[in-house]
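Take a look at the structure below.
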Amino acid sequence: MAKDFSTREENYSQWYNDLVIRAGLAENSAVRGCMVIKPYGYAIWEKMQAALDKMFKDTGHSNAYFPLFIPKSFFSKEAAHVEGFAKECAVVTHYRLKNAEDGSGVVVDETARLEEELIIRPTSETIIWDTYKNWIQSYRDLPLLINQWANVVRWEMRTRLFLRTTEFLWQEGHTAHATKEEAVEEAFTILKVYTDFAEKWMALPVLTGKKSSNERFAGAIDTYCIEALMQDGKALQAGTSHFLGQNFAKVFDVKFLSKENKLDYVWATSWGVSTRLMGALVMAHSDDRGLVLPPKLAPIQVVIVPIYRKKDQLAQISVHANNIKDALTKKGISVKYDDRDTYKPGWKFSEYEFTGVPIRLAIGPRDLENGTIEVARRDTLEKEVLQMTDIENKVEHLLLQIQENIFQKALSFRDNNTFSVDSWEEFKDVIEHKGGFVLAYWDGTVETELAIKEETKATIRTIPFTHNPEEGKCIYSGKPSNQRVVFAKAY
RNA sequence: CGGGAUGUAGCGCAGCCCGGUAGCGCGCCACGUUCGGGACGUGGAGGCCGCGAGUUCGAAUCUCGCCAUCCCGACCA
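Using the working numbering, read the first sequence as starting at 1209 and increasing by one per residue.
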């Protein structure tokens, strides 16, 4: 019922922006490119954090915190890493302000110039590896499994709420291992965590695989990723896990003595997901009536709206509403009883629909007479009137059903928008007219990938893990290829 | 950083060509009637018209400069 609100059909990116703002998730701030995450949006992020944090802990990781600032000299040590991030770093050059002599305000005090400039972290590999050097001497100190929740800054040309902001929130894991095998295994463990999180919590089906060298993280040997498909047919990288080899260990001189008393560099991984997941969540499930949230991440899972004329009616309804609220709360379900007198039921219905609350319960005079309650679900917009008896179990069950339905809907959307093509003409046609994931043979060279990107704007999103290679010919160069890779236009 | 557009009430906009001291919708406040899908009536509050110069008796309106934001490209999670 959201009037004056764009539809996906009319203008997908406008729809996304309107949705994020109108649903109270975030807004643009006074600082260019930076957003304010509003309470409702932040509540969703906190639920994501809580779920992921537990998964990290369950796989043996601990949290720690490293500085926001990184000495410039640290940053320039790993060549590929520098190349990858240098163009988008914010730099702190001074540490003091003073009043302008002409009284026009505050100016930088030029006499307070830092001897060594500080970079605001775009990612923390360098400061962390410089620190790990002191923490690791022996194989007994390994593996070192650390995560940090932090903000980072990447000076982007163009920003969009959640999808790409100058400052964003994320978690970054940084681990050190005695062997290459162990480090690779760690990268895969995390990839599995991310996959599970996306599918089970966000109800977002993802493809997993390896990045092409072109899309790989600067400084990594291999980058593994989860990729999701948005409703406009564009792909969104939702998380990455990197096998870093010994690159950072060598640069920061992190060595350990093995059981055999041999000195060797440690093997490393790093991995992260960011507030970008919020964008993925919105774009994957929502519709023209507003947000659709999977119950597991919804700040409010159930809202109860009373319908009444007179105060004494409200009092009667409230008795039932509060009983239901208590019963649901006992089951660990987050419930809001919205008995505000300042808004009408119809207004509330629209509001909770727009903000994606999975289940709405309405109790009115009719229900009081019949011992019933109206149950409306956000994902299908279906309404039914149920007996009030045992409602908490029905609601609990329905939440699970909604979670599953949202996932299945996203999954079938992806299936319906995944195409396998064998010719260049077909490839161009699908990328341009249909979008989605396009599976095609590729000769494995950067040149071909770049040429395809140049002509179609599509990139290799991921190279799927496969145990049974099949022979084919590269759609672009015609050269032999032993597996199909996933192409798409991406966010 | 290139191309395009826009800055007027909390939000969305009109007014600008053709200069005369600011208006509409939503929202907000009060009261009353309403309340099962965004209610209605009556009354009210709220604006250095992005900033700075200039032209003019007079500028939201004309001229010049600046700033900011948004959209489209190149770069990126």
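Glycine included, each C-beta is placed from N, C-alpha and C at the ideal position.
Per the coordinates, the alpha-carbon of residue 1234 lies some 36 Å from the alpha-carbon of residue 1340. Annotated three-state conformation of residue 1668 is strand, per DSSP. Taking the C-beta atoms as reference points, residue 1441 is found no nearer than 8 Å to residue 1249. Looking at the DSSP output, residue 1449 shares a beta bridge with 1432 and 1479.
A Cβ-Cβ contact shorter than 8 Å links residue 1572 with residue 1515. The residues 1417, in chain order, have a CB closer than 6 Å to that of residue 1672 in the same chain once the five nearest residues on each side in sequence are set aside. The beta carbons of residue 1369 and residue 1618 sit no closer together than 8 Å. The C-beta distance from residue 1351 to residue 1395 rounds to 12 Å, too long to fall under 8 Å, and the pair is not in contact.
A check of alpha carbon separations from residue 1379 across 1668, 1682, 1523 and 1263 identifies 1263 as the nearest.
Note on geometry: alpha-carbon atoms of residue 1453 and residue 1481 lie some 20 Å from one another.
Ranked by Cα distance from residue 1217, the options 1288, 1496 and 1291 are led by 1496. Taking the C-beta atoms as reference points, residue 1505 is found nearer than 8 Å to residue 1409.
In the three-state reduction of the DSSP assignment, residue 1294 falls in the helix class. Within the model, the alpha-carbon separation for residue 1461 versus residue 1455 is close to 10 Å. Non-local beta-carbon contacts of residue 1257 in its own chain, meaning distances under 8 Å to residues more than five positions away in sequence, involve 1357 and 1379 in chain order. Three or more Cβ pairs drawn from the stretch 1507 to 1522 and the stretch 1563 to 1582 lie within less than 8 Å of each other, which places the two stretches in contact. Note on residue 1243: 16 or more other CB atoms within 10 angstroms of its CB, so buried under the neighbour-count rule. In the three-state DSSP reduction, residue 1249 falls in the helix class (H, G or I). Taking C-beta atoms as the reference points, residue 1347 and residue 1270 fail to come closer than 8 Å. For the pair of segments examined, the stretch 1325 to 1336 was found to touch the stretch 1298 to 1307: the number of CB pairs separated by less than 8 Å reaches three. Take residue 1247, set aside five residues on each side of it, and no residue of its chain has a beta-carbon closer than 7 Å to its own. The distance from the Cβ of residue 1652 to that of residue 1628 is about 18 Å, inconsistent with a contact at the 8 Å cut-off. The beta carbon of residue 1322 lies closer than 8 Å to those of 1300, 1301, 1302 and 1303 in the same chain, with the five residues before and after it left out.
Every unbroken stretch of the alpha helix (DSSP H) spanning 4 or more residues and falling wholly within the stretch 1297 to 1361 is given here in chain order: 1333 to 1343.
Going by C-alpha positions, residue 1523 is about 33 Å away from residue 1611. When only Cα atoms are considered, residue 1640 and residue 1633 end up about 11 Å apart.
A direct Cα-to-Cα measurement between residue 1449 and residue 1597 gives close to 48 Å. The Cβ-Cβ distance between residue 1274 and residue 1335 falls below 8 Å. A Cβ-Cβ distance of about 52 Å is found for the pair residue 1420 and residue 1599, leaving them out of contact under the 8 Å criterion. With fewer than 16 other CB atoms across the displayed protein chains lying within 10 angstroms of its CB, residue 1305 is exposed.
Counting every other CB atom within 10 Å of its CB across the protein chains shown gives residue 1223 a total of 16 or more, marking it as buried.
Take the alpha-carbon of residue 1630 and the one of residue 1589: they are about 40 Å apart. At the C-beta level, residue 1513 and residue 1546 come within 8 Å of one another. If you look at residue 1571, you'll find it in the beta strand (DSSP E) that goes 1567 to 1571. Under DSSP, no beta-bridge partner is assigned to residue 1422.
Non-local beta-carbon contacts of residue 1213 in its own chain, meaning distances under 7 Å to residues more than five positions away in sequence, involve 1226 and 1230 in chain order.
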